[in-house]
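The opening position of the sequence shown corresponds to residue 251 in my numbering, with each subsequent residue numbered one higher.
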Amino acid sequence: MGPVSSPSARPGAAADGLSRVERKELTRQSILAAALRLAETGGLSAVSLRQVAKDVGIVPTAFYRHFDSIEELGLALVDEAFVSLRAMLRDVRSADPTFKDIIDSSVRVLTEHVRAQRGHFLFIARERFAGPAAVRAAIRHEIELCERELATDLARLPGPDAWASEDLYVLANLIVGAVVSTAEELLVAEGRRSAEDAVADRARTQLRMMLVGALNWRSRP
251 MGPVSSPSAR PGAAADGLSR VERKELTRQS ILAAALRLAE TGGLSAVSLR QVAKDVGIVP
311 TAFYRHFDSI EELGLALVDE AFVSLRAMLR DVRSADPTFK DIIDSSVRVL TEHVRAQRGH
371 FLFIARERFA GPAAVRAAIR HEIELCEREL ATDLARLPGP DAWASEDLYV LANLIVGAVV
431 STAEELLVAE GRRSAEDAVA DRARTQLRMM LVGALNWRSR P
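Rendered as structure tokens:
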């Protein structure tokens, strides 16, 4: 699934010459972008269907051609926030043979992705604790997927290859927790490059210290 279009997008803008399917997708992206904007102040729970429809410039009944509810719209935003990030981090782990390279590349990818998809990550940071129950559950599920995928990849690297699966998952949980915390710190940096660089440097150090200890760990027989 592609990223949400620019917040200025409207279904009527540049729609001439588009097919029916293309116009429908343009409207869907406009709805998602509107929801991100409207949720910035009071969260997704405070956003109404009518607000979104008015912001996009469609009648409320047209909303249901794309989403059954505001909650389903929120689930689509969660999906868009995580899918591309997980894919990029998988690529990093499959391409780099050393822990140092993986750490450096992962922090770089995360920093660039948070910068490019700031609205999505602000949404995730806010809704993972205060959002509707289904949205909170979806965010937890995506984070757990990240942990499981990382644990699988760690098992292929030298060092943890003889660990118990539970220990691999514990390490993956620690790493993903540090990554989530780093993403939230990057949001606080508010696009200031010097502050972002400081967060990234601290994240690299934290992950390296974590792995130095982990590589000396031995699972119980």
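The C-beta atom is built at its ideal place from N, Cα and C for all residues, glycine as well. Quick caveat, the model's predicted, so the values are computed rather than measured.
Delimiting residues of the alpha helix (DSSP H) encompassing residue i
{"i": "Pro310", "result": "Pro310 to Phe313"}
{"i": "Ser295", "result": "No alpha helix (DSSP H) holds Ser295; DSSP gives it neither H nor E."}
{"i": "Arg386", "result": "Ala383 to Leu404"}
{"i": "Thr361", "result": "Phe349 to Ala366"}
{"i": "Ser431", "result": "Ser415 to Val438"}
{"i": "Gly324", "result": "Ile320 to Ala345"}
Secondary structure of residue i, DSSP reduced to three states
{"i": "Gln279", "result": "helix"}
{"i": "Leu457", "result": "helix"}
{"i": "Leu288", "result": "helix"}
{"i": "Phe373", "result": "helix"}
{"i": "Pro408", "result": "coil"}
{"i": "Arg442", "result": "coil"}
{"i": "Ser269", "result": "coil"}
CB contact flag (residue i, residue j, <8 Å)
{"i": "Val302", "j": "Phe313", "result": "yes"}
{"i": "Leu436", "j": "Thr361", "result": "yes"}
{"i": "Val359", "j": "Ile352", "result": "no"}
{"i": "Ile374", "j": "Val328", "result": "yes"}
{"i": "Val385", "j": "Ala433", "result": "no"}
{"i": "Val430", "j": "Ile393", "result": "yes"}
{"i": "Ala289", "j": "Asp305", "result": "no"}
{"i": "Asp318", "j": "Arg454", "result": "no"}
{"i": "Phe371", "j": "Leu461", "result": "no"}
{"i": "Leu418", "j": "Pro408", "result": "no"}
{"i": "Leu299", "j": "Arg336", "result": "no"}
{"i": "Trp413", "j": "Ser344", "result": "no"}
{"i": "Leu325", "j": "Ala388", "result": "yes"}
Nearest residue (CA-CA) to residue i, options the options
{"i": "Ser356", "options": "Ala384, Gln456 and Asn466", "result": "Gln456"}
{"i": "Glu321", "options": "Trp467, Gly293 and Glu397", "result": "Gly293"}
{"i": "Gly427", "options": "Asn466, Leu335, Glu397 and Val328", "result": "Glu397"}
{"i": "Leu404", "options": "Arg270, Leu465 and Pro382", "result": "Leu465"}
{"i": "Ala467", "options": "Glu416, Glu272, Ala345 and Leu299", "result": "Looking at the sequence shown, residue 467 is not Ala but Trp. Of Glu416, Glu272, Ala345 and Leu299, the residue nearest in Cα terms is Glu416."}
{"i": "Glu330", "options": "Ile308, Gln279, Arg273 and Gly463", "result": "Gln279"}
{"i": "Met338", "options": "Ala448, Glu399 and Val449", "result": "Glu399"}
{"i": "His316", "options": "Gly307, Thr277 and Arg287", "result": "Thr277"}
{"i": "Gly369", "options": "Gly463, Glu440 and His391", "result": "Glu440"}
Closer than 7 Å: residue i CB and nearest the ligand SAH heavy atom
{"i": "Leu465", "result": "Ligands are entirely absent from the displayed structure, and the ligand SAH is therefore not among its contents."}
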